[in-house]
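A quick write-up on the structure given underneath.
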Amino acid sequence: MGLALFCLALFSGSETASAAEFQTQASIKNAVAEFLQENTRHLSTPAEIVVGRLDSRLRLAAAHQTMETFLAPGSHRLMGNVTVGIRCKHPKPWTLYVSAKVRIVSDVVVTSQPLSRGAKLERGNLRLARQDLATLRSGYITHLQEAVGKILKQPLSAGTPLAPHHIQTPKLVRRGEQVVIHAYGSGVKVSSSGTALTDGTAGERIRVCNLTTKRIIEGTVEAAGRDRKSVV
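For the sequence shown, counting from 1, position 150 maps to 162 in the working numbering; every step adds exactly one.
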């Protein structure tokens with residue numbers, strides 16, 4: 013009986029020593045998950061991370077130092093399906109690539125009704141909706157105030173997530189339109205009439221022809237009243 017117990021103890025010890033020679037799959041998956049969590053920590057919404065399965069036959073030498081993790085070449089963003097590289101340098105170098113899925117769900121601006129090209133966006137035709145950001149490859153807008161007042165560049169159906177390329181700032185001044193030119197110097201403000209030579213949005217610099225001097229100048233577009241536009 014004592015001999016049997018002694019043999020069993022030797023066998024168990026041998027198994028433990030053998031297992032210690034290899035890096036555990038759990039430690040590899042934990043390292044990948046920690047890498048992704050650390051690199052998505054700056055986001056306002058916590059990421060949901062699922063590390064893919066590893067081959068059960070995998071036998072990699074146990075790392076004697078901290079394993080190095082990195083985003084694999086070709087993985088340009090930490091959302092959706094990503095591949096993380098994990099590397100051991102000592103005692104036996106190896107590199108493994110592990111697949112993972114990063115899901116980030118957040119509120120984004122979507123259309124609340126069908127909208128036509130040229131429509132001016134208002135709070136009444138927009139709303140916030142939860143979306144998986146990984147699916148919005150064309151970009152997204154997270155705050156209503158970023159979209160309200162903008163002009164739609166293309167028709168969109170109801171429930172469409174709004175992307176930056178869908179909208180543009182409305183033109184405050186149109187080419188050929190008469191504007192008021194304000195010039196400042198030495199504490200003196202001089203105003204004159206001019207004609208816009210190009211379209212312009214608020215805060216944009218455009219070329220203007222001064223109707224009095226016939227000189228062409230540049231100025232910054234600003235709203236000077238409900239029906240008046242000025243260039244400073």
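C-beta atoms are modelled at their ideal positions from N, C-alpha and C, and glycine is treated no differently.
Pairwise C-alpha distance: residue j and residue i
i, j, result
"A235", "A214", "7 angstroms"
"Q180", "S56", "26 angstroms"
"P85", "L223", "59 angstroms"
"H88", "V94", "9 angstroms"
"R187", "V121", "32 angstroms"
"W106", "L72", "7 angstroms"
"P103", "G171", "55 angstroms"
"V220", "G231", "7 angstroms"
"D211", "K226", "19 angstroms"
"Q143", "R115", "10 angstroms"
"A159", "A131", "12 angstroms"
Three-way DSSP call (helix, strand, coil) for residue i in this model
i, result
"Q166", "coil"
"I61", "strand"
"L140", "strand"
"H178", "helix"
"E134", "coil"
"L145", "helix"
"L108", "strand"
"V125", "Note that residue 125 corresponds to Gln in the displayed sequence, not to Val. Coil."
Selection from the options that minimises the alpha carbon distance to residue i
i, options, result
"S118", "W106, L145, K132 and P105", "L145"
"L156", "R53, Q143, G136 and P167", "G136"
"L168", "Q125, N42 and V63", "Q125"
"V110", "Y196, E216, L48 and I228", "L48"
"L83", "H76, A75, A74 and V96", "V96"
Range of the contiguous alpha helix (DSSP H) that encloses residue i
i, result
"F82", "Element bounds for F82: not the alpha helix (DSSP H) but the beta strand (DSSP E), E80 to L83."
"K41", "Q37 to N51"
Supposed contact pair residue j and residue i - C-beta distance, whole angstroms, cut 8 angstroms
i, j, result
"A249", "I218", "Because the chain in this structure spans residues 13 to 244, residue 249 falls outside the shown range and cannot be described."
"R129", "K165", "7 angstroms"
Terminal residues of the beta strand (DSSP E) in which residue i lies
i, result
"V185", "From DSSP, V185 is part of no beta strand (DSSP E); its letter is neither H nor E."
"I218", "R217 to N222"
"K201", "V200 to A208"
"E234", "I228 to A235"
"H194", "Q190 to G197"
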